[in-house]
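Counted the way the UniProt record's numbering counts, the sequence shown spans residues 1 to 188.
Inspection log for the structure reproduced underneath, given as structure tokens.
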Amino acid sequence: MWTGSFWNVVQGRIPEGGTVAPVILATDKTQLTHFSGSKSAYPVYLTLGNIPKELRRKPGSHACVLIAYLSVDKLAKKGLSETQLKIRNYQLFHRSMALILESLKVAGDPAGPGVEMIGGDGSVRRVYPLLAAYVCDYPEQCLVTCTKYGTYPKCQRKAKELNLHQQNHLVSRDTPQILSSFRVIKVL
Numbered sequence: 001m002w003t004g005s006f007w008n009v010v011q012g013r014i015p016e017g018g019t020v021a022p023v024i025l026a027t028d029k030t031q032l033t034h035f036s037g038s039k040s041a042y043p044v045y046l047t048l049g050n051i052p053k054e055l056r057r058k059p060g061s062h063a064c065v066l067i068a069y070l071s072v073d074k075l076a077k078k079g080l081s082e083t084q085l086k087i088r089n090y091q092l093f094h095r096s097m098a099l100i101l102e103s104l105k106v107a108g109d110p111a112g113p114g115v116e117m118i119g120g121d122g123s124v125r126r127v128y129p130l131l132a133a134y135v136c137d138y139p140e141q142c143l144v145t146c147t148k149y150g151t152y153p154k155c156q157r158k159a160k161e162l163n164l165h166q167q168n169h170l171v172s173r174d175t176p177q178i179l180s181s182f183r184v185i186k187v188l
């Protein structure tokens, strides 16, 4: 991750002497049982981009830590339409993630003091943890981006056009459009 332009851009925004700690989050709703009811878990994992990917991928290296479990409970329908129920699920997910990441938001603020941490070499550094990547499968990409399942979360392509490989058909979703969708969901 340190070879990407992201790192240089972010390093330029934090105070002199600060260290970027690119946070990588991963979620994966997991089915635990098939025979005794449908038990599932929804873990949230955290690792850092400063750690070489060869180490991050090894379970024995302990470079990836469990930081939370998201709710897997079914929401009560109570007269809600299918669309309203989906919106409530989006809201539950996003509010849960906001709570989980609140301390990261404060600690990673480039205008703030950062967090003092001891490095592997014993030196104390001022660290700015910033969310750099979110790793998830397709259903969770739809949940994170509040897009309809069967569409492409990264561009404005209809479900029946997903198999087209023509570059001129790809119109990326832009930030204002995504934020507008979030505002609509917040109101509902």
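Cβ atoms here follow ideal geometry from the backbone N, Cα and C, with glycine treated the same way.
Can you find at least 3 beta carbon pairs, one from the region 95-102 and one from the region 54-71, that sit closer than 8 Å? yes
Measuring straight from C-alpha to C-alpha, what distance separates residue 146 and residue 121? Locating residue 146 in the sequence shown gives position 146, counting from the first residue. Locating residue 121 in the sequence shown gives position 121, counting from the first residue. Taking the straight line from one Cα to the other gives about 42 Å.
Assess, as a yes-or-no matter, whether the region 17-32 is touched by the region 44-57 under the definition of 3 or more beta carbon pairs within less than 8 Å.
yes
I need the boundaries of the alpha helix (DSSP H) containing residue 42, first residue and last residue.
In the sequence shown, residue 42 corresponds to position 42, counting from 1. It is not in any alpha helix (DSSP H) - residue 42 carries neither H nor E in the DSSP assignment.
Separation of residue 131 from residue 62, as counted between CA atoms: Taking the sequence shown and counting its residues from 1, the one referred to as residue 62 is at position 62. Taking the sequence shown and counting its residues from 1, the one referred to as residue 131 is at position 131. Using only the alpha carbons, I get a separation of about 19 Å.
Mind checking which residues open and close the beta strand (DSSP E) that includes residue 129? For the purposes of this step, residue 129 is taken as residue 129 along the sequence shown, with counting starting at 1. Start and end: 124-135.
Next item on the list: Kindly list the residues whose CB is nearer than 6 Å to the CB of residue 197, restricted to its own chain and excluding five residues on each side of it in sequence; keep chain order.
Entry: Absent from the structure is residue 197, since the part of the chain shown begins at 1 and ends at 188.
With residue 118 as the anchor, note down where its beta strand (DSSP E) starts and where it stops.
Sequence index remark: in the sequence shown, residue 118 carries index 118 (1-based). Start and end: 115-118.
- Task: Report the residue from 11, 88, 40, 44 whose alpha carbon sits nearest the alpha carbon of residue 134.
- Result: Indexing the sequence shown from 1 puts residue 134 at position 134. Checked all of 11, 88, 40, 44; the closest Cα to residue 134 is 44.
Q | For residue 27 and residue 74, the rounded distance between their alpha carbons | A | Start at 1 with the first residue of the sequence shown, and residue 74 comes out as number 74. Start at 1 with the first residue of the sequence shown, and residue 27 comes out as number 27. C-alpha separation (whole angstroms): 18 Å.
Quick one: grab the DSSP three-state call for residue 98.
Here residue 98 corresponds to residue number 98 of the sequence shown, with the count starting at 1. It is helical.
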